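Participant:
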Amino acid sequence: MKTILIDGLGLIGGSIALAIRKKWPDERIVAVDVSPDVLEHAKRSGIIDEGSLQLNEVAANADVIVLSAPVGIIIDHIKTLAELSLKPEVIVTDVGSTKQAIMQHAQKLTEKKVIFIGGHPMAGWHKTTIRAARADLFQSAYYFLINDTLIDERHQAAARALQELLSELSVKWLTVSASRHDRIVAQISHLPHILASGLVNMSQNEFRNSPLSLKLAAGGFKSITRIASSDPTMWTDILLSNRETLIDKIDRFSQCLDEVRQALAASDRESIRTFFKEAKVTRDNLNAQTGAHAPNFYDLFLNLPDCIGSLARVTRILEHAKINLVNIHILEIREDVAGVLQLSFSNQEDRLQAKCELDRHGLPTIRGDQ
1 MKTILIDGLG LIGGSIALAI RKKWPDERIV AVDVSPDVLE HAKRSGIIDE
51 GSLQLNEVAA NADVIVLSAP VGIIIDHIKT LAELSLKPEV IVTDVGSTKQ
101 AIMQHAQKLT EKKVIFIGGH PMAGWHKTTI RAARADLFQS AYYFLINDTL
151 IDERHQAAAR ALQELLSELS VKWLTVSASR HDRIVAQISH LPHILASGLV
201 NMSQNEFRNS PLSLKLAAGG FKSITRIASS DPTMWTDILL SNRETLIDKI
251 DRFSQCLDEV RQALAASDRE SIRTFFKEAK VTRDNLNAQT GAHAPNFYDL
301 FLNLPDCIGS LARVTRILEH AKINLVNIHI LEIREDVAGV LQLSFSNQED
351 RLQAKCELDR HGLPTIRGDQ
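Each residue of the sequence shown is one higher than the last, beginning at 1 in full-length UniProt numbering.
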């Protein structure tokens, strides 16, 4: 029996604990959290066997330590672990949203011959507490392993053992360097959060004297700004931990906006059209552009009438056909207007079967990304 230590019992840490418990019911799961109520709930629910408010009280007996707090706290706790006497073959990993800063501090563990494997599951939800945790939260999501830490066979074997421990997560593993990871997430996650929040703040200021105007926002505005509802404290921490990369991304996006501004000032119809055309081609072929080595989701889109039972009917059809639905998203919905429903599947076979079932029940799809 191994002892698995989960440091931080929020949505991510709690979901990892649930998945480990489901796959390996005999393993001992210990958790560290700042909240006694969270620890009590997790123990009462059978998610963990033991809880502690202090990492240094329980780390010495752990075989695997999963650091699942915000990035700043992960770094602080790496420093704490570096001062403790840990088991010789303990595996320490993290789930931080940025990697370079964490990897720099993890050198302190490596120097002590502690095995550190950097990681980051690309999954989440709008709820962030242990009560929102789900064993299937990560299903078909990307899970980055940082190859800077796979420095020899000992570390590579530890990475394989970690993947086996977390196999119930049903993730798609990707191995990248810390610097490449931070560039990727800066572009596809961090910068979009900045833009979404900036657009919302700008709209609030623009319509400060006209509250009705902001209330009219729907469809595209709500879709593009949905992520602005994320936890402000968490995103402050994430941005500061990736600030140099993000400054570069912001500068480059500012240049892009300036080029559009210049085209507008010059009434340059062709440049404006090219701007939108290039974006459309890339967006319409997003799955194909990810490349053969990166896992994709497989999407279907269909018109959804805004009436009672429409969404339930779709999910019932898929349930009866025993088709696993990875994600569901209403892209545009207003009263008395059809919404666009996006259904995501983990493989092409499920997507094609879902299309056939929906067509058979009179719900033809608009298109399916190939």
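Backbone N, C-alpha and C define an ideal beta-carbon position, used for all residues, glycine too.
This structure is a prediction, so every number in the text was calculated from the model and none was measured.
Any chance you could list the alpha helix (DSSP H) runs of at least 4 consecutive residues sitting entirely within the region 229 to 269, in chain order?
Facilitator: Listed in chain order, they are 232 to 241, 243 to 265.
Participant: Could you have a look at Gln342 and say whether DSSP puts it in helix, strand or coil?
Facilitator: Here Gln342 sits in strand by DSSP.
Participant: Three-state secondary structure (DSSP) at His120?
Facilitator: DSSP places His120 in strand when its eight states are reduced to three.
Participant: Output the residue ranges of the beta strand (DSSP E) runs that lie fully inside the region 120 to 199 and measure 3 residues or longer, sorted by chain position.
Facilitator: Entirely contained in the region 120 to 199, the beta strand (DSSP E) runs reaching 3 residues are, in chain order, 142 to 146, 172 to 176.
Participant: Measuring only the C-alpha atoms, how far is Ile74 from Asp49?
Facilitator: C-alpha separation (whole angstroms): 22 Å.
Participant: Since Ala17 is in the alpha helix (DSSP H), which residue starts that stretch and which ends it?
Facilitator: Looking at the DSSP string, the run of the alpha helix (DSSP H) that includes Ala17 is 11 to 23.
Participant: Between the Cα of Arg85 and the Cα atoms of Asp63, Lys99, Asp76, Gln100, which residue gives the shortest distance?
Facilitator: Residue identity differs from the one stated: residue 85 is Ser in this sequence, not Arg. Minimum Cα distance to Ser85 is reached at Asp63.
Participant: Say whether the region 116 to 136 touches the region 145 to 157, bearing in mind that this needs 3 or more beta-carbon pairs closer than 8 Å, one atom from each stretch.
Facilitator: Result yes; three or more Cβ-Cβ pairs closer than 8 Å.
Participant: Ends of the alpha helix (DSSP H) at Glu319?
Facilitator: Residues 310 to 320.
Participant: Pick from Leu81, Asp284, His77, Ser229: whose alpha carbon is nearest that of Asn201?
Facilitator: Comparing Cα-Cα distances from Asn201 to each of Leu81, Asp284, His77, Ser229, the minimum goes to Ser229.
Participant: Decide yes or no for the touch test of the region 204 to 221 against the region 127 to 138: beta carbon pairs closer than 8 Å, at least 3 of them.
Facilitator: Cβ pair count under 8 Å is below three, so no.
Participant: Tell me whether the region 18 to 32 and the region 43 to 58 touch, counting them as touching only if at least three CB pairs, one residue from each stretch, are closer than 8 Å.
Facilitator: Segments in contact, yes.
Participant: Under the three-state reduction of DSSP, which class applies to Gly46: helix, strand or coil?
Facilitator: If DSSP states are grouped into helix, strand and coil, Gly46 belongs with coil.
Participant: Spatial neighbours of Thr245 within its chain, please: CB distance less than 7 Å, with the 5 preceding and 5 following residues excluded, ordered by chain position.
Facilitator: Excluding positions up to five away in sequence, the list reads Asp182, Arg183, Ala186.
Participant: Please state whether DSSP places Arg208 in a helix, a strand or coil.
Facilitator: Three-state result, Arg208: coil.
Participant: Would you mind stating whether Ala161 and Ile91 have Cβ atoms separated by less than 9 Å?
Facilitator: The answer is yes: Cβ separation under 9 Å.
Participant: Across the region 93 to 111 and the region 224 to 243, are there enough close Cβ pairs to call them in contact, namely three or more that are closer than 8 Å?
Facilitator: Yes, the region 93 to 111 touches the region 224 to 243.
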